[in-house]
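No gaps in the numbering here: position 429 of the sequence shown is 429 in UniProt numbering, and each next residue is one more.
Down below is the structure, laid out as structure tokens.
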Amino acid sequence: MMPLPDTIPTEPEPAMCWVSIGRRNPPEDLSSSSVFLSLSLSLSLSLSLSFFFLSVSLSAPSIWYQDLYTQFNIQGLVTVNTSVSYLIEPLPAVTMDTQPPHAVFRAENLSLPNGPCGQRHSHPAALTHFQKHGGDINRTKRKLLEAANFVDKYYKSLSIRVAVIGLEVWSDQDRISVSGNPYSTLGAFLAWRRKQLHTLPNDNAQLITGVAFQGTTIGLAPLRAMCSEYQSGGVNSDHSDSAVGVAATMAHEMGHNFGMSHDIPGCCQAKADDGGCIMAAATGHPFPRVFNGCNQRELSRYLSSGGGKCLFNLPNTRAMHGGQRCGNGYLEDGEECDCGDEEECSSPCCNANNCTLKAGAECSHGVCCHNCKLKSPGVLCRTPSGSCDLPEYCDGKAESCPANLYLVDGTSCAGGQAYCYTGMCLTLEQQCQSLWGRDGRAAPDLCFKKVNEAGDSFGNCGKDLLGKYRGCRDRDARCGKIQCVSSASKPLETNAVPIDTTVRVGNGKILCRGTHVYRPGQGDEEQGDTLDPGLVMTGTKCGEDSICFGGECRNASFLRADECHAKCHGHGLCNNNHHCHCDSGWAPPLCDQEGTGGSVDSGPVINHSMLSINQRVTKIMIQSVSQLNLIQWQEKVCSKAAQTVMLPPPYFTVGIRF
Numbered sequence: 001m002m003p004l005p006d007t008i009p010t011e012p013e014p015a016m017c018w019v020s021i022g023r024r025n026p027p028e029d030l031s032s033s034s035v036f037l038s039l040s041l042s043l044s045l046s047l048s049l050s051f052f053f054l055s056v057s058l059s060a061p062s063i064w065y066q067d068l069y070t071q072f073n074i075q076g077l078v079t080v081n082t083s084v085s086y087l088i089e090p091l092p093a094v095t096m097d098t099q100p101p102h103a104v105f106r107a108e109n110l111s112l113p114n115g116p117c118g119q120r121h122s123h124p125a126a127l128t129h130f131q132k133h134g135g136d137i138n139r140t141k142r143k144l145l146e147a148a149n150f151v152d153k154y155y156k157s158l159s160i161r162v163a164v165i166g167l168e169v170w171s172d173q174d175r176i177s178v179s180g181n182p183y184s185t186l187g188a189f190l191a192w193r194r195k196q197l198h199t200l201p202n203d204n205a206q207l208i209t210g211v212a213f214q215g216t217t218i219g220l221a222p223l224r225a226m227c228s229e230y231q232s233g234g235v236n237s238d239h240s241d242s243a244v245g246v247a248a249t250m251a252h253e254m255g256h257n258f259g260m261s262h263d264i265p266g267c268c269q270a271k272a273d274d275g276g277c278i279m280a281a282a283t284g285h286p287f288p289r290v291f292n293g294c295n296q297r298e299l300s301r302y303l304s305s306g307g308g309k310c311l312f313n314l315p316n317t318r319a320m321h322g323g324q325r326c327g328n329g330y331l332e333d334g335e336e337c338d339c340g341d342e343e344e345c346s347s348p349c350c351n352a353n354n355c356t357l358k359a360g361a362e363c364s365h366g367v368c369c370h371n372c373k374l375k376s377p378g379v380l381c382r383t384p385s386g387s388c389d390l391p392e393y394c395d396g397k398a399e400s401c402p403a404n405l406y407l408v409d410g411t412s413c414a415g416g417q418a419y420c421y422t423g424m425c426l427t428l429e430q431q432c433q434s435l436w437g438r439d440g441r442a443a444p445d446l447c448f449k450k451v452n453e454a455g456d457s458f459g460n461c462g463k464d465l466l467g468k469y470r471g472c473r474d475r476d477a478r479c480g481k482i483q484c485v486s487s488a489s490k491p492l493e494t495n496a497v498p499i500d501t502t503v504r505v506g507n508g509k510i511l512c513r514g515t516h517v518y519r520p521g522q523g524d525e526e527q528g529d530t531l532d533p534g535l536v537m538t539g540t541k542c543g544e545d546s547i548c549f550g551g552e553c554r555n556a557s558f559l560r561a562d563e564c565h566a567k568c569h570g571h572g573l574c575n576n577n578h579h580c581h582c583d584s585g586w587a588p589p590l591c592d593q594e595g596t597g598g599s600v601d602s603g604p605v606i607n608h609s610m611l612s613i614n615q616r617v618t619k620i621m622i623q624s625v626s627q628l629n630l631i632q633w634q635e636k637v638c639s640k641a642a643q644t645v646m647l648p649p650p651y652f653t654v655g656i657r658f
């Protein structure tokens, strides 16, 4: 790989593109140098990441065309069957007045050198994404929109839809420091994203850059971080001239955010003609485009544990890129309903051809719609999935349940032994059980201290901005590699090995058990595009009034949870919108007057004998045992996920912003 030059004397300032998943208000003004492309996530009878796309069914029922259509050009992927796919791309026009010819070629004929998480970068490393397209903003946007269409197509197999809600091209100068070091670039980008959240709300953000990362890395993303205010995102190197190559990398890194690890041997059953598996550690020819059963199970486990709360929320349709379209499954301005294309619509309440309700119908689909009639205000439409989650109620006006809400990060849970973080009550015991099995439990503090002070691959507090392992200070030791006690012979993951350390305590000794994860088939090379899954998760309690954050044990006061709870006058707790969710008998917004409980976000609570939030924690924790299987992949069973958004076909939706 070519080294990055210190300067590029004749090139314009670097430009970057980033994608975010989530909800945002439409920008008041878009200059010629910035455009927003966002994806919005939401949850339904099956998991769905929502991304805006154009889908046209061709003459044969088995052929689907994911397209990006401009005035003169058509670009996209035609899938004839599971083994044959074609790419369509425009060729240069002879004159401005003539329609350009188009090339059609087999996707399998595209090849790149092998590399981790997609393909190794094979272009000169000095060019950024914008510069690689000749400084043409429209050309850059078209490629990224096309890539977003591919990502939606890939995730649709998981019942996840990806809705584009914003695209930004940094054409004058980078907003952050972008270098060949993926760790420093990721850290800077996630910090920048968080600062923009209040003005540009999103569930997840992905940076796409033409800068080549060091070594063979083409992307980096935190594991199990979808919807996190601090960690939901990733960075991707634009390693391919084709949008389908960029899409494969972005889908892979987003998969890590969804809790998917690299495929272990035996997981990927896709034939070569199918393009290979998206979550394979390293792929080359052709471009991968398949999620497998292992990915589905990991995704289900992540959601069952309380992750991905933002997936329950519908995207802001006014902000979605591409304009309105009857048949895209989103209820937009001027539509009474939208059950998808005529071929896929199964609603007895909606006219699919013009998105109008049938005679006598009040609604079409959604958990607050029953037999084409809206449910009464106050009907429970989403039960809490755990002690950090909150209930939502129908408002009598909309067919969908209000946005999924949970207790603000930093709220105490598990009897004071843990904190709520992104809707999950994170305990060391749960993390040890996920690594070792049911008998896994947290090791004594001495194990964390002795192992993690080493600063090597087996004991550390993560990596510094140079990608070097960082030894833990005493205070941070419980935020490094997780140390467990277990009788299991090895960790649950096939590509993980036990790291056992014996620590003497008086006349006795303790076996401290950590894990080290390798990339399958790469010898001693570790997983290079995810933050170590063997580290204690961000949001875990590490001491009195202290929480793990980025490998450090920080005072939990920076989350300002107690400050937010204080405004609820002792009769409620704050939700993730920093609004009071009031106990039964008290009214929002401040829980200082008599009322029925709930919040300004949750929908009206009418004639419901709710326990107070503080009193119901034990009850919810017991109930959550029966709700752990959030996604029923084979059966249409109503669950936490199933009761949320009824898109046709039922999907979760995720919002991404470029």
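All C-beta atoms in this analysis are idealised placements derived from N, C-alpha and C, irrespective of residue type, glycine included.
Counterpart residues of residue i in DSSP-defined beta bridges
i           : result
residue 421 : 424
residue 558 : Paired residues: none, contrary to the question.
residue 380 : 393
residue 456 : 459
residue 441 : 485
residue 552 : 549
residue 468 : In the DSSP output, where bridge partners are listed per residue, residue 468 has none listed.
Residues near residue i in its chain [Cβ-Cβ closer than 7 angstroms; skip 5 each side]
i           : result
residue 390 : 384, 405, 406, 407, 575, 581, 602
residue 138 : none
residue 305 : 424
residue 298 : 259, 260, 261
residue 412 : 419
Spatially closest choice to residue i from the options, by CA coordinates
i           : options            : result
residue 709 : 187, 151, 448, 144 : Given a span of 1 to 658 for the chain in the structure shown, any question on residue 709 remains unanswerable.
residue 503 : 447, 493, 555      : 447
residue 463 : 157, 183, 207, 158 : 183
residue 265 : 434, 253, 280      : 280
residue 433 : 606, 508, 536      : 536
residue 592 : 577, 598, 606, 571 : 571
residue 415 : 398, 436, 387, 394 : 387
residue 659 : 299, 360, 485, 428 : Outside the displayed range of the chain (1 to 658) lies residue 659, so it cannot be described from this structure.
residue 142 : 322, 548, 474      : 322
residue 392 : 257, 309, 450, 346 : 309
residue 422 : 597, 148, 561, 360 : 561
residue 475 : 552, 467, 420, 418 : 552
residue 290 : 318, 255, 313, 305 : 255
residue 318 : 312, 331, 253      : 331
residue 316 : 557, 402, 307, 362 : 402
residue 227 : 240, 247, 259, 250 : 259
residue 400 : 585, 493, 381, 209 : 381
residue 198 : 420, 599, 584, 577 : 577
residue 477 : 546, 178, 299, 193 : 546
residue 203 : 211, 541, 193      : 193
residue 534 : 210, 431, 239      : 431
residue 566 : 555, 554, 579      : 579
residue 136 : 587, 555, 213, 171 : 171
residue 246 : 150, 460, 217      : 150
residue 175 : 195, 339, 594      : 195
residue 483 : 158, 499, 363, 606 : 499
residue 242 : 357, 148, 338      : 148
Same chain, Cβ closer than 6 angstroms to residue i, neighbours up to 5 away in sequence not counted
i           : result
residue 559 : 409, 410
residue 521 : With a pLDDT of 46 at residue 521, under the threshold of 50, the modelled position of this residue cannot be trusted; read the value that follows with caution. Nothing meets the Cβ criterion.
8 angstroms Cβ shell around residue i - same chain, five flanking residues per side excluded
i           : result
residue 342 : 327, 352, 353
residue 263 : 277, 279, 280, 281, 292, 294, 295, 520
Any chain D beta carbon closer than 8 angstroms to residue i
i           : result
residue 536 : Among the chains of the structure shown, chain D does not appear; only one protein chain is present.
Limits of the alpha helix (DSSP H) - the one that residue i falls within
i           : result
residue 137 : 137-156
residue 447 : 445-452
residue 304 : 293-304
Cβ-heavy atom distance, residue i to the ligand ADP, below 7 angstroms
i           : result
residue 370 : Inclusion of the ligand ADP in the displayed structure is not the case, the ligand content being empty and no account of it being possible.
Enclosing beta strand (DSSP E) for residue i [first to last residue]
i           : result
residue 541 : 541-543
residue 680 : Here the chain has residues from 1 to 658 only, and residue 680 is not among them.
residue 193 : From DSSP, residue 193 is part of no beta strand (DSSP E) but of the alpha helix (DSSP H) over 182-196.
residue 580 : 580-582
residue 574 : 572-574
residue 165 : 160-166
residue 204 : 204-209
>> Threshold first: 4 residues or longer. Then list the alpha helix (DSSP H) segments lying entirely within the region 386-410, N to C.
In response: The region 386-410 contains no whole alpha helix (DSSP H) run of 4 or more residues.
>> Just to confirm the assignment: which complete beta strand (DSSP E) runs, minimum length 3, are found wholly within the region 481-512?
In response: Whole beta strand (DSSP E) segments, 3+ residues: 496-505.
> What beta strand (DSSP E) runs, 3 residues minimum, are completely inside the region 215-280?
Replying inline: Segments of the beta strand (DSSP E) lying fully in the region 215-280: 233-237.
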